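Once you know that position 128 of the sequence shown is 128 in the UniProt record's numbering, the rest is easy, because the numbers rise by one and skip nothing. We put the CB at the ideal spot given by N, CA and C, even for glycine. All of these numbers come straight from a predicted model, not from anything done at the bench.
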Amino acid sequence: MSRQGLRSRSARRRAAHGLVTGVVLYLGGILLVPVSHAGEASGFKSWLALRDAGVVKQQRDFSCGVAALATYLGLYLNTSVSEAELLQVLQLRGDDWGLPEDWREQGVSYATLIALAAYHGVQAAGLAVTPERLMSLRVPAIVRLQVDGVAHFSVLRGIDRAGRLHLADPSWGNRQLSSDRFLALWLDPTPNAQVGTLMLLRNDRSVQPRDGPDALQSRRPLVRAPG
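This is how it looks when you write it as structure tokens:
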């Protein structure tokens with residue numbers, strides 16, 4: 001091929017490249033503009049970091065309760081422990097604590113989480129409370145939700161002034177739910193129950209937030225569970 005032909009071919013390639021990388025496309029009413037792939041990757045990583053900040057993500061289908069406990073211990077009780085370490089304790093102590101044989105398929109109960117907490121020097125108690133008493137809590141809690149008919153543990157970090165509930169969730173990461181959406185997941189599905197369950201924890205190293213998104217809005221004190 002001649003030198004002139006090579007120059008012409010090179011020019012066509014540059015023009016085509018410019019069309020691919022520089023054109024603004026209009027599809028379905030949405031403007032699509034080219035952005036740097038490096039910028040996209042950086043922004044996505046930053047979003048993931050914010051979404052998962054402080055949250056121990058569950059690595060197994062059955063381990064939401066264990067991951068929620070690890071999250072709570074790290075965020076509020078100055079006790080750094082991984083999901084894997086807690087699962088190892090269950091492997092070693094499960095028979096002593098009366099774990100059912102199918103716990104790896106069915107997950108763990110509040111009783112198991114309370115035993116795990118005690119193993120790490122943390123006092124814990126499970127309560128059934130009304131929505132009004134939930135909203136009056138002054139400290140974070142572990143809550144049990146029903147997601148698509150399956151029990152799921154999460155950490156309730158706080159309630160903001162708009163009434164949104166902030167979760168540190170083993171599956172979703174940091175997430176906000178409206179009070180209606182949260183109550184639909186949290187309330188006992190038994191007809192006329194009008195209560196949900198939670199677990200409170202404390203030790204001598206407790207870090208109880210008073211301000212910011214981790215502080216539960218104080219309305220009136222939680223005295224005791226109903227009944």
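Residues sharing a beta bridge with residue i, DSSP
{"i": "Asn78", "result": "Per DSSP, none; premise fails for Asn78."}
{"i": "Asn174", "result": "Ala168"}
Residue range of the unbroken beta strand (DSSP E) whose run includes residue i
{"i": "Ser154", "result": "Val150 to Ile159"}
{"i": "residue 229", "result": "Absent from the model: residue 229. The displayed extent of the chain is 1 to 227, so no value can be given."}
{"i": "residue 264", "result": "Within the shown structure, residues of the chain are numbered from 1 to 227, placing residue 264 beyond reach of any answer."}
{"i": "Ala124", "result": "Gln123 to Val129"}
Unbroken alpha helix (DSSP H) run spanning residue i, endpoints
{"i": "Leu116", "result": "Tyr110 to Tyr119"}
{"i": "Val89", "result": "Glu83 to Arg93"}
{"i": "Gln106", "result": "Trp103 to Gln106"}
Residue i: CB within 7 Å of a non-hydrogen atom of the ligand COA
{"i": "Leu87", "result": "The model on display carries no ligand, and the ligand COA is accordingly not part of it."}
Reduced DSSP category for residue i - H, G, I as helix; E, B as strand; rest coil
{"i": "Gly5", "result": "Any answer about Gly5 is weak, because its pLDDT of 48 lies below 50 and its placement is not dependable; what the coordinates show is given next. The answer is helix: DSSP assigns Gly5 an H, G or I state."}
{"i": "Gly65", "result": "helix"}
Nearest candidate by alpha-carbon position, reference residue i, set the options
{"i": "Ala151", "options": "Ser178, Thr197 and Asp96", "result": "Thr197"}
{"i": "Ser179", "options": "Leu77, Glu132, Asp95 and Gly94", "result": "Glu132"}
{"i": "Val139", "options": "Leu200, Glu101 and Ser46", "result": "Leu200"}
{"i": "Ala117", "options": "Ala162, Arg161, Ile159 and Gly65", "result": "Gly65"}
{"i": "Arg157", "options": "Arg60, Ala128, Ser46 and Leu69", "result": "Leu69"}
{"i": "Leu134", "options": "Thr112, Arg164, Gly149 and Leu113", "result": "Arg164"}
{"i": "Gln194", "options": "Trp172, Ala128 and Ala111", "result": "Ala128"}
{"i": "Phe153", "options": "Thr79, Leu99, Ser80 and Gln106", "result": "Gln106"}
{"i": "Leu48", "options": "Phe62, Leu137 and Arg175", "result": "Arg175"}
{"i": "Asp160", "options": "Gly173, Trp172, Leu177 and Gly149", "result": "Leu177"}
contact_flag[the region 114-124, the region 71-80] where n(CB pairs < 8 Å) is 3 or more: Touching, per the Cβ criterion.
At least three beta-carbon pairs within less than 8 Å, the region 138-146 to the region 180-196: Yes: at least three Cβ pairs fall under 8 Å.
The region 53-60 touching the region 88-96, judged by at least three CB pairs closer than 8 Å: The count of Cβ pairs closer than 8 Å, one atom from the region 53-60 and one from the region 88-96, stays below three, leaving the stretches out of contact.
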